[in-house]
Amino acid sequence: MSQLTNVQELLRVLRLTETTSHLPILVKQAETNEVTYLRFLYDVLRYEQHRREEKLRERRLKWGLSPTTRR
1 MSQLTNVQEL LRVLRLTETT SHLPILVKQA ETNEVTYLRF LYDVLRYEQH
51 RREEKLRERR LKWGLSPTTR R
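Position 53 of the sequence shown, counting from 1, maps to 53 under the UniProt record's numbering, and the rest follow consecutively.
Structure follows, in structure tokens:
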């Protein structure tokens, strides 16, 4: 198993699912821009947070557009 695969598996176990699939892109960006370890970690966590917020917003919008609203 490659290091990337190992890290992706840990991300799945930790339920950081959005980052799991996007990790190769984040790693490539970090290598290209020669970012620090701390900055890379920040970028990974920020990406996960951003995606979770987007998904929550989409879910709420979908619930709001639903013809049957819960009360």
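For glycine and all other residues, C-beta sits at the position ideal for the given N, C-alpha and C.
Which residues bound the alpha helix (DSSP H) around S2? Looking at the DSSP string, S2 is not in any alpha helix (DSSP H), and its letter there is neither H nor E.
When the distance is taken between beta carbons, is T19 closer than 8 Å to L11? Contact annotation: L11 and T19 have beta-carbon atoms nearer than 8 Å.
Going by CA-CA distance only, name the one from R60, R59 and Y47 that's closest to Q29. Ranking R60, R59 and Y47 by Cα distance to Q29 puts Y47 first.
To the nearest angstrom, report how far apart R51 and H22 are at their CA atoms. If you take the alpha carbons of R51 and H22, they lie about 11 Å apart.
Just verifying my parser: in three-state terms, what is the DSSP assignment at R51? Reduced to three states, the DSSP call for R51 is helix.
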